[in-house]
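> Chains as they are written, first to last, in the numbering used here: chain E, 56 to 173; chain H, 5 to 117.
1. Assign residue 82/H to one of three DSSP states: helix, strand, or coil.
2. For residue 106/E, which of 129/E, 116/E, 172/E and 73/E has the nearest alpha-carbon?
3. Can you name, in chain order, every residue of its own chain whose Cβ lies under 7 Å from the Cβ of residue 67/E, other than the five neighbours on each side?
4. Between residue 29/H and residue 97/E, what straight-line distance do the alpha-carbon atoms span, to the nearest angstrom?
5. In angstroms with no decimal places, state the Cα-to-Cα distance between residue 10/H and residue 25/H.
6. Which residues share a DSSP beta bridge with residue 92/H?
7. Tell whether a beta-carbon distance below 7 Å holds between residue 72/H and residue 38/H.
8. Using a Cβ-Cβ cut-off of 7 Å (strictly less than) and excluding sequence neighbours within five positions of residue 143/E, which residues of its own chain qualify?
9. Would you say residue 63/E faces chain H, with C-beta separation under 7 Å as the test?
10. Which same chain residues, not among the five before or five after residue 133/E, have their C-beta less than 6 Å away from its C-beta?
11. Under 7 Å Cβ to Cβ from residue 166/E, same chain only, skipping five residues before and after it: list those, please.
12. Please report the residue range of the beta strand (DSSP E) in which residue 113/E lies.
13. Please list the terminal residues of the continuous beta strand (DSSP E) segment that includes residue 103/H.
14. Whose CA, out of 49/H, 69/H, 52/H and 51/H, lies closest to the CA of residue 58/H?
15. If the cut-off is 9 Å on Cβ atoms, which residues from the region 23-41 of chain H count as contacting chain E, listed in chain order?
16. Here's a check: name, in chain order, each residue in its chain whose Cβ is nearer than 6 Å to the Cβ of residue 23/H, leaving out the five neighbours to either side.
17. Starting from the beta carbon of residue 57/H, find every residue of chain E whose beta carbon is closer than 8 Å, and list them in chain order.
18. State the CB to CB distance for the pair residue 162/E and residue 105/H, rounded to an integer number of angstroms; the pair is presumed to be in contact (CB under 8 Å).
19. Using only alpha-carbon positions, find the residue among 53/H, 19/H and 110/H that is nearest to residue 27/H.
20. Measure from the C-beta of residue 48/H to each C-beta in chain E and report whether the shortest distance is under 7 Å.
21. Name, please, each residue of chain E whose Cβ falls closer than 8 Å to the Cβ of residue 88/H.
22. If you check the beta carbons only, do residue 80/E and residue 59/E fall under 7 Å apart?
23. From residue 62/H to residue 118/E, what does the alpha carbon distance come to, in whole angstroms?
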C-alpha cells in the first residue's frame, strides 16, 4: 500500500515569493493534516481536513497561508508571500478518521517538504 | 496550554541494553497516545499506539501508559545501533468539539555498538 506522497521534497525560494506544496494521502484516509516542523521540535498542526472540510485551521497564519482539499483527496498548502521565518519542514499526514479509538486516528506522515526561504 | 514533555537527551545506551524513553502530558482527558521514531532528515514514523492503561508489546517495543500519573513510556529491548533516532511522544488532546495531536520535542537516542 502506498504511503502519503508529498512534492516537492525540497524547495528554495527568495523571500516574498509564493510557494505551494502538494499532498496525496493514503487511499481511503478521510482525514488529512498539514504540520510544520522546526529543527529540534515536534510537528505542529497547521490545518486538519475531514474529507474536503477544514475543521481546524486555528494555527494557520491566514494572512499568508492558504490550503485546499478539493474532492476530499489531494491537498495543496500555499504560502504567499513567503518570509524568512517560514523556513521549516512541511509535513502532510493522513488517518482513516479523526475520532476512532481503535486505531482509526493513527496518523501516518509523508516524507515532507523542506522549505528554505532566502 | 496543553503540553507534552520529553527529556531531549541524548540518551546513550550500549547495544543490547534496554532503552527507556519517558513522556508526561498535561491534559487528563487525553485518550490516545503514540510514539513516533524520526531519523535525521526523515519524517516521523509511527511505531506504537496505546489507548488503555498498562503495557502494550510489539516485538522489541513496549509502550506503557499510566493515565493517573499522566505518564507514557517506551521501552526498547535489545537496542540496536539502527534504533538511534529521535523518538517523539504524541498525545491526542480533546479541544472543544475537536481534538489535536500534540507532540513533544523528542528524545534523541544513541545506541553505542
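Glycine included, every Cβ here is placed at the ideal spot set by N, Cα and C.
According to the data block:
1. Along the second chain, one-based indexing puts residue 82/H at 78. Correct three-state label for residue 82/H: coil.
2. Sequence index remark: in the first chain, residue 106/E carries index 51 (1-based). Among 129/E, 116/E, 172/E and 73/E, the Cα nearest to that of residue 106/E belongs to 129/E.
3. As a first step, residue 67/E must be located in the first chain, where it is residue number 12. So the list reads 171 and 173, once near-sequence residues are dropped.
4. Within the second chain, the letter at position 25 stands for residue 29/H. Within the first chain, the letter at position 42 stands for residue 97/E. Each residue's Cα considered, the two are about 14 Å apart.
5. To locate residue 10/H, count along the second chain from 1; it is residue 6. To locate residue 25/H, count along the second chain from 1; it is residue 21. So the alpha carbons of these two residues sit roughly 8 Å apart.
6. The residue you call residue 92/H lines up with position 88 of the second chain. Answer is 40/H.
7. Walking along the second chain from the start, residue 72/H turns up at place 68. Walking along the second chain from the start, residue 38/H turns up at place 34. Result no, Cβ atoms of residue 72/H and residue 38/H do not sit closer than 7 Å.
8. Mapped onto the first chain, residue 143/E falls at position 88. Correct list, in chain order: 91, 92, 93 and 170.
9. Sequence index remark: in the first chain, residue 63/E carries index 8 (1-based). No - not a single Cβ of chain H is within 7 Å of the one on residue 63/E.
10. Within the first chain, numbered from 1, the residue matching residue 133/E stands at position 78. Sequence-distant partners of residue 133/E (beyond 5 residues in either direction) whose C-beta falls short of 6 Å from its own C-beta, in its chain, are 75 and 121.
11. Sequence index remark: in the first chain, residue 166/E carries index 111 (1-based). Cβ neighbours of residue 166/E beyond the five flanking positions: 61 and 64.
12. Position 58 of the first chain, counting from 1, holds the residue named residue 113/E. Residue 113/E -> no beta strand (DSSP E), and no H or E assigned at all.
13. The sequence position of residue 103/H within the second chain is 99, counting from 1. Looking at the DSSP string, the run of the beta strand (DSSP E) that includes residue 103/H is 102-107.
14. Residue numbering aside, residue 58/H sits at position 54 when the second chain is read from its first letter. Of 49/H, 69/H, 52/H and 51/H, the residue nearest in Cα terms is 69/H.
15. 35, 36, 38 and 40
16. Position 19 of the second chain, counted from the first residue, corresponds to residue 23/H. Around residue 23/H: 17, 80, 83 and 113.
17. For the purposes of this step, residue 57/H is identified with residue 53 of the second chain, where counting begins at 1. In chain order: nothing, as chain E lies at least about 14 Å away.
18. Residue 162/E sits at position 107 when you count from the first residue of the first chain. Residue 105/H sits at position 101 when you count from the first residue of the second chain. So it is a contact: roughly 6 Å between Cβ atoms.
19. Working through the second chain from its first residue, we reach residue 27/H at position 23. It is 110/H whose Cα lies nearest to the Cα of residue 27/H.
20. Residue mapping note: residue 48/H aligns to position 44 of the second chain, counting from 1. Yes, because at least one Cβ of chain E sits closer than 7 Å to the Cβ of residue 48/H.
21. The residue you call residue 88/H lines up with position 84 of the second chain. Result: empty, since nearest Cβ-Cβ is about 16 Å, beyond 8 Å.
22. The residue given as residue 80/E occupies position 25 in the first chain. The residue given as residue 59/E occupies position 4 in the first chain. In this structure, residue 59/E lies closer than 7 Å to residue 80/E by Cβ.
23. As a first step, residue 62/H must be located in the second chain, where it is residue number 58. As a first step, residue 118/E must be located in the first chain, where it is residue number 63. Cα to Cα, the separation comes out at about 44 Å.
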